[in-house]
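Enquirer:
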C-alpha cells in the first residue's frame with residue numbers, strides 16, 4: 001500500500017503500530033532523508049509503503065484510513 005502525505009517524522013515503528021490494527025504487517029518502508037529527498041525543500045518527500053499479509057487486510061486499512069490526516 002502506498003502512503004502519501006505522511007508526517008516527515010513518521011518511522012517504520014509508528015506506521016507498523018498504526019497499521020497492525022488492520023491486519024498483519026509484513027513490512028514498512030519510509031522514504032527517509034537518505035533515500036528520497038525533495039531537493040527544492042531539502043526535506044523527505046513524506047511517503048511510505050506498507051505491505052500486508054493479504055489484500056483483504058490492505059483493503060480494510062484503505063477503506064478506514066483513506067484521506068485521514
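In UniProt numbering, the protein residues as written are 1 to 69.
Even for Gly, the Cβ is constructed at its ideal location relative to N, Cα and C.
#1: Would you call residue 72 buried or exposed, if buried means 16 or more other Cβ atoms sit within 10 Å of its Cβ?
#2: Taking a contact to mean a Cβ-Cβ separation below 8 angstroms, would you say residue 23 touches residue 61 in this structure?
#3: I'd like the span of the beta strand (DSSP E) that includes residue 71, first residue to last.
#4: Would you call residue 10 buried or exposed, if buried means 16 or more other Cβ atoms sit within 10 Å of its Cβ?
#5: Who pairs with residue 25 in a beta bridge, going by DSSP?
Expert: A quick look at the data gives this:
#1: Outside the modelled stretch of the chain, which goes from 1 to 69, sits residue 72, for which no answer is possible.
#2: yes
#3: For the chain, the structure presents residues 1 to 69; residue 71 sits outside this window and is missing.
#4: buried
#5: 52
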